[in-house]
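J.: Chains as they are written, first to last, in numbering that gives the first Met the number 0: chain A, 0 to 121; chain B, 0 to 121.
In this text, a Cβ means the ideal position worked out from N, Cα and C, and glycines have one as well.
All values derive from a computational prediction rather than experimental measurement.
I'd like to ask you about the structure that follows.
Number of protein chains: 2
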Amino acid sequence: MLPKGNCVNSGNDMVTKEELCKDFTACPITATMEVIGGKWKPIILFNLTFGTRRFGEISVRIPSISRKVLTEQLKELEKDGLVIRKQYEEMPPRVEYSLTEKSKGLVAVFKEISDWGIKNLL
Amino acid sequence: MLPKGNCVNSGNDMVTKEELCKDFTACPITATMEVIGGKWKPIILFNLTFGTRRFGEISVRIPSISRKVLTEQLKELEKDGLVIRKQYEEMPPRVEYSLTEKSKGLVAVFKEISDWGIKNLL
DNA sequence: CGGAATCCACAAAGATACTG
DNA sequence: CAGTATCTTTGTGGATTCCG
Chain A
0 MLPKGNCVNS GNDMVTKEEL CKDFTACPIT ATMEVIGGKW KPIILFNLTF
50 GTRRFGEISV RIPSISRKVL TEQLKELEKD GLVIRKQYEE MPPRVEYSLT
100 EKSKGLVAVF KEISDWGIKN LL
Chain B
0 MLPKGNCVNS GNDMVTKEEL CKDFTACPIT ATMEVIGGKW KPIILFNLTF
50 GTRRFGEISV RIPSISRKVL TEQLKELEKD GLVIRKQYEE MPPRVEYSLT
100 EKSKGLVAVF KEISDWGIKN LL
């Protein structure tokens, strides 16, 4: 028996090592950070909280991200169900990205992160 | 002039490129993620939200992090003023880590992240 | 315009062994 | 117990070129 308290439940009860590992894999913090974490995803998602954006718009608003990386990140976000990609068959091409119902719930998360950052870092 | 809306202010007003870049460097989301982001820091900090922990305790509760990386991450967190390191001159040695006033404000952040993860990912 | 493909550099992380 | 030191491995991001 180990003291209870992995990332999921870090209280003071006792827990077996098996439960610890099991809980660890189901840690909501880890799971969320894997999906919205990383260097760029929070900024991309936060950008989209203000509405639908074209690829080029996002690129302009986040000047320091390369288009290659932006493409990769958007693909991952789409795969995880956090953004919707809508492609218009026009010339020149147009692609629009927007949040999903799932990711709209992240607005509260970004608000907390932003508030903390303003208060403690800026 | 560009459409206004970097990571800080992604509304629809107009903004100069200079303002865009200026705002970008001051983005509270980016600033916060640089300090609490990464693969391990959220878990480490979340662990400490339950109280003071010894190095070995943290290591047990986060089985998948190596002690070397845990040491590195704790050092960075200490440098950024997010954890306090208290060393007892005993044999065997004892080192305790705890949150600072600054990082205690992150509890709300982790709550939001955790709630969203439970609802949408687990 | 919105990518895809390729190559490259660097930093972060893991493995292992050792120590006050 | 709580780290260091060293080496190796992995992965993320950058630069460039090309395409429908």
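#1: Using a Cβ-Cβ cut-off of less than 9 angstroms, list which residues of the region 106–121 of chain A approach chain B; keep chain order.
#2: So, E88 (chain B) versus R53 (chain B), is the Cβ gap smaller than 8 angstroms?
#3: Put E88 (chain B) into one of helix, strand or coil per three-state DSSP.
#4: Buried or exposed: where does P91 (chain B) fall if 16 or more other Cβ atoms within 10 Å of its Cβ makes it buried?
#5: Helix, strand or coil, according to DSSP, for I57 (chain A) in the structure here?
#6: So, using beta-carbon positions, are L44 (chain A) and I57 (chain A) closer together than 8 angstroms?
#7: Quick check on DSSP: helix, strand or coil for F109 (chain A)?
#8: Measuring straight from C-alpha to C-alpha, what distance separates M13 (chain A) and V59 (chain B)?
#9: Can you grab the Cα-Cα spacing for the pair M32 (chain B) / Q86 (chain A), in whole Å?
#10: Report buried or exposed for V68 (chain A), applying the criterion of at least 16 other Cβ atoms within 10 angstroms of its Cβ.
#11: When we look at the beta-carbon of L121 (chain A) and count the other beta-carbons within 10 Å, is it buried (16 or more) or exposed?
#12: Quick one: residues in its chain with C-beta nearer than 6 angstroms to the C-beta of K21 (chain B), no 5 flanking neighbours on either side, listed in chain order?
#13: If we call anything under 8 angstroms between Cβ atoms a contact, is V82 (chain B) one with E111 (chain A)?
#14: Note down the Cα distance separating A25 (chain A) from D114 (chain B), rounded to an integer number of angstroms.
#15: If you measure from the beta carbon of K78 (chain A) to each beta carbon in chain B, is any gap under 8 angstroms?
#16: Considering only their Cβ atoms, is the gap separating Q72 (chain A) from K40 (chain A) smaller than 8 angstroms?
#17: Residues of chain A with a CB under 9 angstroms from the CB of I83 (chain B): which are they?
#18: Taking the alpha-carbon positions, what's the T51 (chain B) to T29 (chain A) distance?
#19: Check whether chain A comes within 8 angstroms of K103 (chain B), counting only Cβ atoms and requiring the distance to be less than that.
#20: Per DSSP, which one or two residues make a beta bridge with I42 (chain A)?
#21: Can you tell me the Cα-Cα spacing of K78 (chain B) and R93 (chain A), whole angstroms?
#22: Against chain A, with Cβ distances strictly below 8 angstroms, would I42 (chain B) count as a contact?
#23: Terminal residues of the continuous alpha helix (DSSP H) containing S102 (chain B)?
T.: Taking the structure as given:
#1: A107, V108, F109, K110, E111, I112, S113, D114, W115, G116, I117, K118, N119, L120 and L121
#2: Here residue 88 (chain B) corresponds to residue number 89 of the second sequence, with the count starting at 1. Here residue 53 (chain B) corresponds to residue number 54 of the second sequence, with the count starting at 1. Cβ distance not < 8 angstroms, so E88 (chain B) and R53 (chain B) don't count as in contact.
#3: Residue 88 (chain B) sits at position 89 when you count from the first residue of the second sequence. Looking at E88 (chain B) - three-state DSSP - the assignment turns out to be coil, as it is neither helix nor strand.
#4: Residue mapping note: residue 91 (chain B) aligns to position 92 of the second sequence, counting from 1. Result: exposed.
#5: The residue you call residue 57 (chain A) lines up with position 58 of the first sequence. DSSP places I57 (chain A) in helix when its eight states are reduced to three.
#6: Numbered from its first residue, the first sequence carries residue 44 (chain A) at position 45. Numbered from its first residue, the first sequence carries residue 57 (chain A) at position 58. In this structure, I57 (chain A) does not lie closer than 8 angstroms to L44 (chain A) by Cβ.
#7: Sequence index remark: in the first sequence, residue 109 (chain A) carries index 110 (1-based). Helix.
#8: Counted from its first residue, the first sequence places residue 13 (chain A) at position 14. Counted from its first residue, the second sequence places residue 59 (chain B) at position 60. Model confidence at M13 (chain A) stands at a pLDDT of 48, short of 50, so the residue's coordinates are unreliable; what they give is reported in the following sentence. The straight-line gap from Cα to Cα measures roughly 13 angstroms.
#9: The residue labelled residue 32 (chain B) in the question sits at position 33 within the second sequence. The residue labelled residue 86 (chain A) in the question sits at position 87 within the first sequence. So the two alpha carbons sit approximately 31 angstroms from each other.
#10: Taking the first residue of the first sequence as position 1, residue 68 (chain A) is located at position 69. Counting Cβ neighbours within 10 Å, V68 (chain A) comes out exposed, since fewer than 16 surround it.
#11: Working through the first sequence from its first residue, we reach residue 121 (chain A) at position 122. Exposed, by the Cβ-count rule.
#12: Stepping through the second sequence from its first residue, residue 21 (chain B) is reached at position 22. Caution is warranted here: a pLDDT of 45 is assigned to K21 (chain B), below 50, making its placement in the model unreliable, and no coordinate value can be reported.
#13: Mapped onto the second sequence, residue 82 (chain B) falls at position 83. Mapped onto the first sequence, residue 111 (chain A) falls at position 112. Cβ distance not < 8 angstroms, so V82 (chain B) and E111 (chain A) don't count as in contact.
#14: As a first step, residue 25 (chain A) is located in the first sequence; it is residue number 26 there, counting from the start. As a first step, residue 114 (chain B) is located in the second sequence; it is residue number 115 there, counting from the start. Rounded to the nearest angstrom, the two C-alpha atoms are 13 angstroms apart.
#15: Taking the first residue of the first sequence as 1, we reach residue 78 (chain A) at position 79. For K78 (chain A), the answer is no, since every Cβ of chain B falls outside 8 angstroms of its Cβ.
#16: As a position in the first sequence, residue 40 (chain A) is number 41, starting the count at 1. As a position in the first sequence, residue 72 (chain A) is number 73, starting the count at 1. Yes, Cβ-Cβ distance for K40 (chain A) and Q72 (chain A) is below 8 angstroms.
#17: For the purposes of this step, residue 83 (chain B) is taken as the residue at position 84 of the second sequence. The premise fails here: I83 (chain B) is roughly 15 angstroms from chain A at the closest Cβ pair, so nothing lies under 9 angstroms.
#18: Numbered from its first residue, the second sequence carries residue 51 (chain B) at position 52. Numbered from its first residue, the first sequence carries residue 29 (chain A) at position 30. Approximately 21 angstroms between the Cα atoms of the pair.
#19: The residue you call residue 103 (chain B) lines up with position 104 of the second sequence. For K103 (chain B), the answer is no, since every Cβ of chain A falls outside 8 angstroms of its Cβ.
#20: Translated into positions along the first sequence, residue 42 (chain A) becomes position 43. Bridge partners of I42 (chain A): none, in fact.
#21: Position 79 of the second sequence, counting from 1, holds the residue named residue 78 (chain B). Position 94 of the first sequence, counting from 1, holds the residue named residue 93 (chain A). Rounded to the nearest angstrom, the two C-alpha atoms are 45 angstroms apart.
#22: Taking the first residue of the second sequence as 1, we reach residue 42 (chain B) at position 43. Closer than 8 angstroms: yes.
#23: Residue mapping note: residue 102 (chain B) aligns to position 103 of the second sequence, counting from 1. That run of the alpha helix (DSSP H) goes E100 to K103.
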